[in-house]
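J.: Quick note: the sequence shown uses this note's numbering, first residue 9, plus one each step.
Even glycine gets a Cβ: it sits at the ideal position worked out from N, Cα and C.
On a predicted model such as this, the values are computed, not experimentally measured, just so you know.
Can you keep this structure in mind? I'll have questions shortly.
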Amino acid sequence: MTLRPSRELIRSRPVAALASVCSVAALAAPAPAIAEGASSGSGGGIAKPTVVLVHGAFADASGWDGVVERLQRDGYPVIAPANPLRGLASDSAYIAGVLKSVKGPVILAGHSYGGAVIGEAAAGNRNVKALVYISAFMPDKGETLGALGAKFRGSRLNPALRQVPFQNGDGTTGTDLYIKPDTFRQVFAADLAASTAAQMSATQRPISASAFTEKADAAAWKTIPSWFLVATKDRAIAPDLERFEAKRAGSHTIEVNSSHVAMISHPGTVTSLILDAIRTEASGTPSLATTGGNASATGLIGVVAIVAGVGLIVAVRRHQARGR
C-alpha cells in the first residue's frame with residue numbers, strides 16, 4: 009500500500025522549507041567582527057575604543073578637560089596629545105604617530121585647526137572608526153586653510169592676529185600667529201567668563217603662519233564616517249563654512265549656540281556627540297550611508313532568503329494544485 013502524506017503535512021512543508029533557507033542564510037551571514045586590536049573583557053563584552061582628542065591653534069590640550077572627565081567617568085580610555093602647531097604636514101605626521109601607538113579601535117576628534125590635522129593623520133589607519141569635528145576646519149585634498157577660510161563671511165580672526173617672527177635652530181625663520189589679547193574673548197571664547205578668556209589669552213600657544221598656506225595631503229573623511237558640531241556663534245571659523253564642510257562630507261551634524269570653543273562651554277554636548285559616534289560604529293550600522301556607503305552583505309543575504317522562501321512556497325502550491 010502506498011502511503012500518501014496528509015494534506016496538513018504537505019501544507020506545512022513550505023514553512024519548513026522557508027525556515028531551512030533562512031537558517032542557511034543565517035549561517036552564511038558574516039558575524040559582527042570585533043574591531044582589530046579590541047579584546048573582550050571579563051564580562052564578555054568588547055573593549056571600549058580609545059578616544060583621541062586633538063586641539064587646535066591658540067590653545068593646548070587642557071581645552072578638552074571637561075570632555076576628558078566625562079569620557080573617563082564612562083570608562084573610556086582617552087588621549088589628548090599636544091598638537092605641535094608647526095605646520096599641517098608635520099603636525100599630521102606627528103598625530104599619525106600617536107594613533108599608530110594606540111592598540112584597538114580609535115574615535116578621533118579634532119577642534120578648529122585640529123580638524124585639518126585629523127583629516128590627514130587618520131588617512132590609511134584602519135583602526136580609526138569615526139572622525140568627530142568640533143567647530144573645525146575640514147579641508148579636502150589640495151585645499152589650503154587660508155583659501156577655505158575665505159569662502160564665507162563671518163570670521164573675525166584675520167584682523168585679530170598678531171604676527172611674531174621666530175628663528176629655528178638651523179637658522180631658518182618663520183612667523184608665529186597669536187590672537188591679540190584685546191580681541192581674544194570676542195573672537196575665540198565669547199561665551200566664557202572674561203577671567204577665563206583672559207587666562208586662555210595669556211597662555212595661548214601660537215601657530216606657524218605656514219599652516220594656513222600648506223595644501224592638505226589627504227581627506228580621511230571621504231572614507232571614514234564623520235560627525236560635526238557647528239558652533240553658530242563662532243567668530244574664528246565662519247559657521248557657514250562649518251555647515252558647508254559638514255554637508256560636503258555627509259557628516260552627522262548638530263548645531264549648538266556656542267562660541268568657537270564648544271568643548272569648553274558645552275562639554276556635555278560635545279561628549280554626547282562623541283558617544284553617538286561610538287554607539288553608531290559599535291552597532292554595526294552602515295553609518296557611511298550619508299557618505300556613499302553600500303548596503304550590508306547581511307541585508308542582501310536576508311533579501312535572498314526571503315525571495316527563495318517565497319519561491320519554494322509558490323512551487324509547492326503549484327504541485328498541490330496539479331495533484332488534486
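(1) Quick one: give me the first and last residue of the beta strand (DSSP E) that Pro233 is part of.
(2) With Val120 and His268 assumed to form a contact (beta carbons below 8 Å), what rounded beta-carbon distance in angstroms separates them?
(3) I'd like the ranges of any beta strand (DSSP E) spanning at least 3 consecutive residues and lying wholly in the region 205-275.
(4) Classify Thr221 as buried or exposed, calling it buried when 16 or more other Cβ atoms lie within 10 Å of its own Cβ.
(5) Would DSSP call Ser70 helix, strand or coil?
(6) State the start and end residues of the unbroken alpha helix (DSSP H) segment that holds Leu156.
(7) When you compare the region 228-239 with the region 248-267, are there three or more beta-carbon pairs, one atom per stretch, that lie closer than 8 Å?
(8) Run through DSSP, which three-state label would Gly123 get?
(9) Does the beta carbon of Ser143 sit closer than 8 Å to a beta carbon anywhere in chain C?
(10) For Asp86, which residues does DSSP report across the bridge?
(11) Whether or not the region 214-228 and the region 75-82 are in contact is what I'm after, with contact meaning three or more pairs of Cβ atoms, one per stretch, closer than 8 Å; do they touch?
(12) Counting C-beta neighbours from all protein chains within 10 Å, is the total for Lys111 16 or more, i.e. buried, or is it exposed?
(13) In terms of DSSP beta bridges, what is Arg170 paired with?
(14) Quick one: what does DSSP say Ser191 is sitting in, helix, strand or coil?
(15) Looking at Trp229: is its Cβ nearer than 8 Å to the Cβ of Ala257?
(16) Just how far apart, CA to CA, sit Ala55 and Leu116?
(17) If distances are taken between C-alpha atoms only, which option among Thr288, Pro92, Asp184, Ser163 comes closest to Pro173?
(18) Report the three-state DSSP secondary structure of Val75 (helix, strand or coil).
(19) Here's the rule I'm using: 16 or more other beta-carbon atoms within 10 Å means buried, otherwise exposed. How should Gly127 be labelled?
(20) Can you give me the start and stop residues for the alpha helix (DSSP H) that Val140 sits inside?
(21) Would you report the Cα separation of Ala201 and Ala270, rounded to the nearest angstrom?
(22) To the nearest angstrom, how far is the alpha carbon of Pro147 from that of Gln207?
(23) Quick check on the burial criterion: 16 or more other C-beta atoms within 10 angstroms. Buried or exposed for Pro167?
(24) With DSSP as the reference, identify every bridge partner of Leu116, one or two as the case may be.
T.: Short version:
(1) From DSSP, Pro233 is part of no beta strand (DSSP E); its letter is neither H nor E.
(2) A small correction: the amino acid at residue 120 is Ser; Val does not occupy that position in the sequence shown. Taking the Cβ atoms as the reference, Ser120 lies roughly 7 Å from His268, within the contact range of under 8 Å.
(3) Within the region 205-275, the runs of beta strand (DSSP E) that reach at least 3 residues and sit entirely inside it are, in chain order, 234-239, 260-264.
(4) When all chains shown are included, Thr221 counts as exposed.
(5) Looking at Ser70 - three-state DSSP - the assignment turns out to be helix.
(6) Its alpha helix (DSSP H) spans residues 153-157.
(7) Yes: the two stretches touch, three or more of their Cβ pairs being nearer than 8 Å.
(8) Annotated three-state conformation of Gly123 is helix, per DSSP.
(9) Reference to chain C is not applicable here, since this structure consists of a single protein chain.
(10) A small correction: the amino acid at residue 86 is Val; Asp does not occupy that position in the sequence shown. For Val86, DSSP records a beta bridge to Val59.
(11) Segments in contact, no.
(12) So Lys111 ends up on the exposed side.
(13) Its beta-bridge partners are Tyr186.
(14) According to the sequence shown, residue 191 is Thr rather than Ser. If DSSP states are grouped into helix, strand and coil, Thr191 belongs with the helices.
(15) A Cβ-Cβ contact shorter than 8 Å links Trp229 with Ala257.
(16) Roughly 16 Å separates the two Cα atoms.
(17) Shortest Cα-Cα distance from Pro173 to any of Thr288, Pro92, Asp184, Ser163 involves Asp184.
(18) When secondary structure is reduced to three states using DSSP, Val75 falls in the helix class.
(19) Buried, since its Cβ has 16 or more Cβ neighbours within 10 Å.
(20) Segment 136-142 is the beta strand (DSSP E) holding Val140; no alpha helix (DSSP H) there.
(21) In this structure, the CA atom of Ala201 is about 14 Å from the CA atom of Ala270.
(22) If I take the Cα positions, the gap works out to 30 Å.
(23) Pro167 should be labelled exposed.
(24) Leu116 pairs with Val60, Leu139.
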